[in-house]
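Only one structure is covered here, and it is reproduced in the block below.
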Amino acid sequence: MVTEQKVEGPIIEMPSRYHDLGNKRQHPFGNKGGVGGGEARQEFNKWRKEYWKVRYANEMIKRGIIE
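The opening position of the sequence shown corresponds to residue -3 in my numbering, with each subsequent residue numbered one higher.
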């Protein structure tokens, strides 16, 4: 049983309609509660928040909505 999230693994952007928590190809190490918990999860959540802020800003620039 895997008890730690593989932080070395890739992050893939995917529309929520295609994301399936039970899909073993998307989550080969499982995703039971507690996987990647503690300080590592806090750091990931912080990174994820910043990642999406930057992605949003880049998309708005690309569309000419902001400079």
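C-beta: ideal position from N, C-alpha, C; glycine also.
Please read these numbers as outputs of a predicted model, since none were measured by experiment.
For Arg21 and Tyr47, the gap between their C-alpha atoms comes out near 23 Å. Judged by DSSP in its simplified three-state form, Gly34 adopts helix. In this structure, the CA atom of Asn27 is about 30 Å from the CA atom of Asn54.
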